[in-house]
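Colleague:
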Amino acid sequence: MADPADIQRLLGDLAREGTVISVDHAAGTARVQFEDLITGDIPWLMPRAGKTRIYSPPSIGEQVLVIAPEADTDRAIIAGSLSSNAHPNPAQDGSTVIAFEDGARLAYDPATHALTIALPSGGTAAIVADGGLSVTGPLSVDGPVDVTGKLTASDDVVGGGKSLKDHVHDKVQPGQGVSGKPL
1 MADPADIQRL
11 LGDLAREGTV
21 ISVDHAAGTA
31 RVQFEDLITG
41 DIPWLMPRAG
51 KTRIYSPPSI
61 GEQVLVIAPE
71 ADTDRAIIAG
81 SLSSNAHPNP
91 AQDGSTVIAF
101 EDGARLAYDP
111 ATHALTIALP
121 SGGTAAIVAD
131 GGLSVTGPLS
141 VDGPVDVTGK
151 LTASDDVVGG
161 GKSLKDHVHD
171 KVQPGQGVSG
181 KPL
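Here the UniProt record's numbering is used: position 120 in the sequence shown is 120, and no number is missing along the way.
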C-alpha cells in the first residue's frame with residue numbers, strides 16, 4: 001500500500017489552481033503557471049462541443065483549475081475558472097451574467113424577470129432572421145427608426161399627435177385644390 005503522504009501529494013498534483021499566461025485561440029489551448037511550474041499547451045473544457053458548440057476561451061491573468069490525470073501535465077485540461085480580485089464575480093445575486101472585457105453585458109435576473117443586454121458606447125447589434133422576427137408586447141424605441149421596405153400598421157399611425165387614420169383638414173375646397181399640411 002502506498003505511503004499516505006505520497007497519496008496526498010498525488011492528490012494535490014491531480015487538481016491545481018493556476019493562472020493563464022498565454023492562449024492559443026486557433027489551437028484551443030492555453031499555458032498555465034503554477035507556483036512551481038508552467039504547463040505546456042493544454043486544452044480548456046467547453047460547456048458544449050458537439051452539434052451545439054459554446055466557445056469562451058480563457059484570458060491571460062484568469063485563475064483556473066487544472067486537472068492532470070496521474071499528475072501528468074501533458075494530459076492536463078483546464079476544468080474551469082475561479083473568481084479572483086482581478087476578475088471578481090460580475091453579479092452578487094441570483095442573476096446569470098455574461099460580462100465582456102469591453103463592458104458589454106448580457107444578464108438575466110430571475111427575481112425581476114428582466115433580461116438586459118447592454119453594449120458599450122458605439123456598440124452595434126444585429127439580428128439576422130430572414131424568416132422573420134416577431135416581438136410580442138409593447139415596444140419602445142428611443143432614437144431614429146429607418147425602414148427599408150413597406151411599413152404596415154393594423155390600427156393607426158400617430159405622428160406629432162396627429163392620427164393618420166382620423167385627422168381631418170378644415171377649409172378644404174372641393175375640386176382639384178391641394179390641402180395644406182395637417183393643423
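We put the beta carbon where it would ideally sit given N, CA and C, even for glycine.
Considering only the beta carbon of each residue, do P120 and A104 sit closer than 7 Å?
Modeller: The count along the sequence shown starts at 1 and reaches residue 120 at position 120. The count along the sequence shown starts at 1 and reaches residue 104 at position 104. Yes, they are a contact pair.
Colleague: Tell me whether the beta-carbon of L82 lies closer than 7 Å to the beta-carbon of Q63.
Modeller: Residue numbering aside, residue 82 sits at position 82 when the sequence shown is read from its first letter. Residue numbering aside, residue 63 sits at position 63 when the sequence shown is read from its first letter. Their beta carbons are under 7 Å apart, which means L82 touches Q63 by this criterion.
Colleague: So V58 and V97 are in contact, right, with Cβ under 8 Å, and what is the actual spacing, rounded?
Modeller: Locating residue 58 in the sequence shown gives position 58, where the first residue counts as 1. Locating residue 97 in the sequence shown gives position 97, where the first residue counts as 1. Note on identity: in this sequence residue 58 is Pro, with Val being the wrong assignment. Actually they do not touch by this definition, with Cβ atoms about 18 Å apart.
Colleague: Based on Cα-Cα distance, which residue from G40, P138, G28, L37 lies nearest to G49?
Modeller: The count along the sequence shown starts at 1 and reaches residue 49 at position 49. The displayed chain sequence assigns Ala, not Gly, to residue 49. That would be G28, whose Cα lies nearest to the Cα of A49.
Colleague: Given a cut-off of 7 Å on the beta-carbon distance, is the pair R53 and F34 in contact?
Modeller: Here the question's residue 53 lines up with position 53 in the sequence shown. Here the question's residue 34 lines up with position 34 in the sequence shown. Result no, Cβ atoms of R53 and F34 do not sit closer than 7 Å.
Colleague: From this set, I21, A30, L37, H25, which residue's C-alpha is nearest D13's C-alpha?
Modeller: Here residue 13 refers to the residue found at position 13 when the sequence shown is read from its first residue. The residue with the shortest Cα to Cα distance from D13 is L37.
Colleague: So, at 6 Å on beta carbons, what are the nonlocal neighbours of T73 in its own chain, with the 5 sequence-adjacent residues on each side left out?
Modeller: Working through the sequence shown from its first residue, we reach residue 73 at position 73. These residues qualify, in order along the chain: T39.
Colleague: Between T148, I21, V66, D166, which lies nearest to D156 when the distance is taken from Cα to Cα?
Modeller: For the purposes of this step, residue 156 is identified with residue 156 of the sequence shown, where counting begins at 1. Considering only alpha carbons, the answer is D166.
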